[in-house]
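345 is the number that our numbering gives to position 97 of the sequence shown; each next residue is one higher, with no gaps. Glycine included, each C-beta is placed from N, C-alpha and C at the ideal position. Note that the structure is predicted; figures quoted are calculated from it, not measured.
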Amino acid sequence: MNKILKGIKDLGKKKSEPVNEKPMNKILKEIKDLIKKNLKKYLPEVKETDLEENGDIFYMNGKNGTEFDWHVNDCLSSFMVFYNDKNNMGAVKLTLYNNGSISIYLYGDSGSRLVNEVKASCKASEEEILELAVILKAEMDDKGIFDSSIEKVSADIEIDKDKIEKFKEDKKYFDKIKAKMEMLNMCAVVSAKITKEGFKAGYMVRRTPHNEIDSGWQFFAGNEDDDYANDVKNFELVTLGYLDRLDSDVLKYIENPVGTELIRVSSSDFEKDNHTKGIYVEKRE
């Protein structure tokens with residue numbers, strides 16, 4: 249009888265012991281520790297109860313997806329912690345790049361004020377970060393799980409080598425997008441008629457670039473006279489991305505080679521300038 253009672257007692261002990269949780273992927277754990285450390289250091293007034301899900305970290309793959317961010321932006325989708333209020337703005341944003349560098353942005357006043365930007369490095373190798381990217385795609389993107397807490401995702405798993413190779417091969421589908429995005433960060437010379445007076449680009453010409461950030465593109469409204477065109481004060485150096493926000497009609501032509509000269513011939517179209525047609529001049533709406 250004593251043995252039976254002892255067995256029952258031991259069984260009760262075993263039931264009351266906490267069950268070990270599956271360990272989190274070591275990179276995700278490092279991200280979690282970094283966010284917790286910097287929250288405490290730079291936003292000490294923010295309590296867990298002030299944050300969504302008491303400070304859970306959300307993997308924000310819903311905008312572009314893991315593959316897009318990896319192959320185009322050279323990083324994983326952002327890791328975010330949100331304030332738990334009606335505006336639900338970000339408290340922390342962490343970006344892990346494929347070379348291991350990390351950027352952390354911390355926002356105070358319920359997300360309306362940037363408090364600090366912190367640079368760090370991931371302790372994992374680039375191969376391990378790549379493996380995490382493949383895991384997150386398989387366990388989140390491929391399963392239709394987007395912008396979810398990393399606590400709810402099983403990421404501490406072995407990943408098939410074939411899946412890693414397939415992920416790497418998929419880069420070819422994003423090369424063109426990446427090249428265009430890189431170009432949008434390059435500079436162009438733009439007439440103030442476009443940037444300040446509200447005209448659309450009417451004439452665009454691509455010269456030989458002066459340096460690696462120069463696209464070589466120059467844009468005119470098409471109604472500048474010689475005096476205006478010869479005064480450098482009437483031109484600005486802006487990125488092609490900024491110009492695209494002013495006049496998106498030019499975007500489909502910016503990959504044309506050096507020597508290209510195009511004129512606007514309608515509200516939305518350009519054609520090669522053969523010097524036989526006038527420029528269609530129009531203001532933006």
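Check                                                                                                                                                               : Outcome
Please report how far the alpha carbon of Glu503 lies from the alpha carbon of Phe518, in whole angstroms.                                                          : 14 Å
Alpha carbon to alpha carbon, how far is Asn321 from Asn309?                                                                                                        : 13 Å
For Asp395, I'd like the list of residues in its chain whose CB is within less than 6 Å of its CB, leaving aside the five on either flank, ordered along the chain. : Phe306, Met308 and Gly310
Nearest to Arg532 by alpha carbon, out of Lys500, Ser514, Arg454 and Asp317?                                                                                        : Ser514
Measuring CA to CA, which of Glu374, Val366 and Leu287 is closest to Trp318?                                                                                        : Glu374
Per DSSP, which one or two residues make a beta bridge with Glu519?                                                                                                 : Ile511
Could you give the first and the last residue of the continuous beta strand (DSSP E) run that contains Asp462?                                                      : Asp462 to Phe468
Under 8 Å between the Cβ atoms of Val486 and Cys435?                                                                                                                : yes
Quick one: grab the DSSP three-state call for Lys531.                                                                                                               : strand
Please tell me whether Phe327 and Glu300 are closer than 8 Å, where the distance is taken between their beta carbons.                                               : no
For Tyr421, count the other beta carbons within 10 Å of its own beta carbon; 16 or more makes it buried, fewer makes it exposed. Which is it?                       : exposed
Which one or two residues does DSSP pair with Phe327 in a beta bridge?                                                                                              : Tyr307 and Leu342
Specify the secondary structure class of Arg454 as computed by DSSP and reduced to three states.                                                                    : strand
Can you tell which of Lys288, Ile405, Thr456 and Ile279 has the C-alpha that lies nearest to the C-alpha of Ser351?                                                 : Ile279
Taking only three categories from DSSP, how would you classify Leu354?                                                                                              : strand
On a Cα-Cα basis, can you pick out the residue from Glu530, Asp418, Asn273 and Cys323 that is closest to Asp497?                                                    : Glu530
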